[in-house]
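The opening position of the sequence shown corresponds to residue -11 in this note's numbering, with each subsequent residue numbered one higher.
Glycine included, C-beta positions come from ideal geometry on N, C-alpha and C.
The structure under discussion appears below in the form of structure tokens.
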Amino acid sequence: MQIDPANIKKWKVIYPVYINSKKTVAEGRRIGVTKACENPTCIEIGDCCSYLKIPFAIELDKAYPRDFMQRGRVRVQLKREDGSLCNSEIDSSKDLDIQSLLHSLLFSVHVV
């Protein structure tokens, strides 16, 4: 699959800190501690995206703005250019919410 760098800028960004149970909400965690996992990596998030059949790109040279020592982020494509969903199993706009996506990623981490 060829990825156009211009289109990647439109994809959703997921930093590992968003789902890190060791971080507080003030430090950047976006989901509940009970749903989060301990110290996730970009590679693990990428594996989860592969499992969910969601196109993704790992950017290891990028840093989380609140903690510049935290390197790497993952960009995910939820919708194609024509507006159709990349994964038909994600069937509602609520599921396209970043928080729901993170929860799905965490569920697949425990499954994989």
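- Cβ contact annotation for Phe44 (same chain, cutoff 6 Å, sequence separation greater than five): Gly34, Cys37, Val62, Val64, in chain order.
- If you check the CB distance, Ile42 and Asn(-5) do not come in under 7 Å.
- The shortest CA-to-CA distance from Val1 to any of Arg18, Ala14, Asn27, Lys10 is the one to Arg18.
- For the 7 Å CB-CB criterion, Ile46 and Ala24 do not form a contact.
- Taking a C-beta distance under 7 Å as the contact criterion, Gly16 and Arg54 qualify as a contact pair.
- Phe56 and Lys(-2) have their C-alpha atoms some 23 Å from each other.
- Check the Cα spacing between Thr29 and each of Leu66, Arg68, Ala14, Ser9: the tightest is with Ser9.
- By the criterion of a C-beta distance shorter than 8 Å, Leu48 is surrounded in its chain by Cys30, Arg59, Gly60, once the five residues flanking it on both sides are discounted.
- Boundaries of the alpha helix (DSSP H) around Ile33: 30 to 39.
- Assignment of Asn8 by DSSP, reduced to helix, strand and coil, places it in the strand class.
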